[in-house]
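A quick write-up on the structure given underneath.
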Amino acid sequence: KNEVEQSPQNLTAQEGEFITINCSYSVGISALHWLQQHPGGGIVSLFMLSSGKKKHGRLIATINIQEKHSSLHITASHPRDSAVYICAVVSYNTDKLIFGTGTRLQVFP
Amino acid sequence: KAGVTQTPRYLIKTRGQQVTLSCSPISGHRSVSWYQQTPGQGLQFLFEYFSETQRNKGNFPGRFSGRQFSNSRSEMNVSTLELGDSALYLCASSSLGASSYNEQFFGPGTRLTVL
């Protein structure tokens, strides 16, 4: 079993829909990152959080340390949001990043 | 500010050869991390350098090595290439130490194909 699990693996949405991507982890962590990877490979860091909630534009990230779970929400989705979203945790013991396998999102007009 | 640059962008090698990849961080950034991305294993952490010192290392064999220069530019080397080393190699820089805890800025990656 992977230490970082994401769901769903694939997600299709219509433009304007509210989207939620989930990340669960089994190790103790110091922080959690959400990353966005577009076709061609470029990766952009969206959020880093260790507690609570962060918001940036239409994106919201939450984390529940007790439940070992984080969610990434996209409000009013747009075709340009189509990408792979990757959750990564910072292991408390090793300080290393452990990555989830990603969620592939496609938003259609 | 210029972003993180990686050279070369694409590389084709044969088994047994060695390869050196280069990463130039954003000006002023002192931390550089390297990652390998494959379809089967996804993204995996290789190593992190801060001020010319290796700060952390992932679970990769000794064939994978790296270094960082005084200008923060970093190189990674893979010796005795295997077919399974075919991957996208990404580097990322951050302005502070312990890049795991800070926003990282990723380069476009080097796509390595081993034949």
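Protein sequence lines, in the order shown, are assigned to chains U and P. Just so it is clear: in the first sequence, position 85 is 90 by the numbering used here, and no numbers are missing. Just so it is clear: in the second sequence, position 114 is 115 by the numbering used here, and no numbers are missing. Backbone N, C-alpha and C fix where the C-beta goes; we use that ideal spot for every residue, glycine too. Note that the coordinates shown come from a computational prediction; the quantities given were computed from them, not determined experimentally.
- Take U/Lys59, set aside five residues on each side of it, and the residues of its chain with a beta-carbon closer than 6 Å to its own are Phe52 and Ala66, in chain order.
- In the three-state scheme derived from DSSP, where H, G and I count as helix and E and B as strand, P/Arg31 is classed as coil.
- Contacts with chain U (Cβ-Cβ distance below 8 Å) from the region 82-111 of chain P involve Leu89, Leu91, Ala93, Ala99, Ser101, Tyr102, Asn103, Glu104, Gln105, Phe106, Phe107, Pro109 and Gly110, listed in chain order.
- In terms of CA proximity to P/Val115, P/Thr39 leads the group P/Gly29, P/Thr39, P/Val5 and P/Thr6.
- Rounded to whole angstroms, the gap between the alpha carbons of U/His74 and U/Leu64 is 17 Å.
- A Cβ-Cβ separation of about 10 Å leaves U/Cys28 out of contact with U/Gly107 under the 8 Å criterion.
- When rounded, the separation of the alpha-carbon atoms in U/Ile26 and U/Thr80 is 12 Å.
- The Cβ-Cβ distance between P/Gln19 and U/His38 does not fall below 9 Å.
- In the DSSP annotation of this structure, the continuous segment of the beta strand (DSSP E) that includes P/Gly67 starts and ends at Phe65 to Gln69.
- Residue pairing by DSSP leaves P/Asn72 without any beta bridge partner.
- Burial check for P/Ser25: the Cβ neighbour count within 10 Å reaches 16 or more, so the residue is buried.
- In the DSSP assignment, U/Ser50 falls within the unbroken beta strand (DSSP E) covering Ile48 to Leu54.
- Straight-line spacing of the CA atoms in P/Leu12 and P/Arg112 works out to 6 Å.
- Checking the DSSP bridge columns, you'll see U/Lys6 has no partner listed.
- Beta-bridge annotation (DSSP): U/Leu110 is paired with U/Leu16 and U/Ala88.
- P/Phe51: member of the beta strand (DSSP E) spanning Gly43 to Phe51, first to last residue.
- U/Ala18 and P/Gln37 have their alpha carbons spaced roughly 30 Å apart.
- With contacts defined by Cβ atoms closer than 9 Å, U/Leu110 and U/Tyr90 form a contacting pair.
- Interface with chain U (9 Å Cβ-Cβ cutoff): P/Leu44 is included.
- Put simply, the backbone Cα of P/His30 is about 21 Å away from that of P/Arg10.
- Judged by DSSP secondary structure, P/Tyr11 falls within the beta strand (DSSP E) whose first and last residues are Tyr11 to Lys14.
- The distance from the Cβ of P/Ser73 to that of P/Cys92 is about 11 Å, inconsistent with a contact at the 8 Å cut-off.
- Boundaries of the beta strand (DSSP E) around U/Phe104: Leu102 to Phe104.
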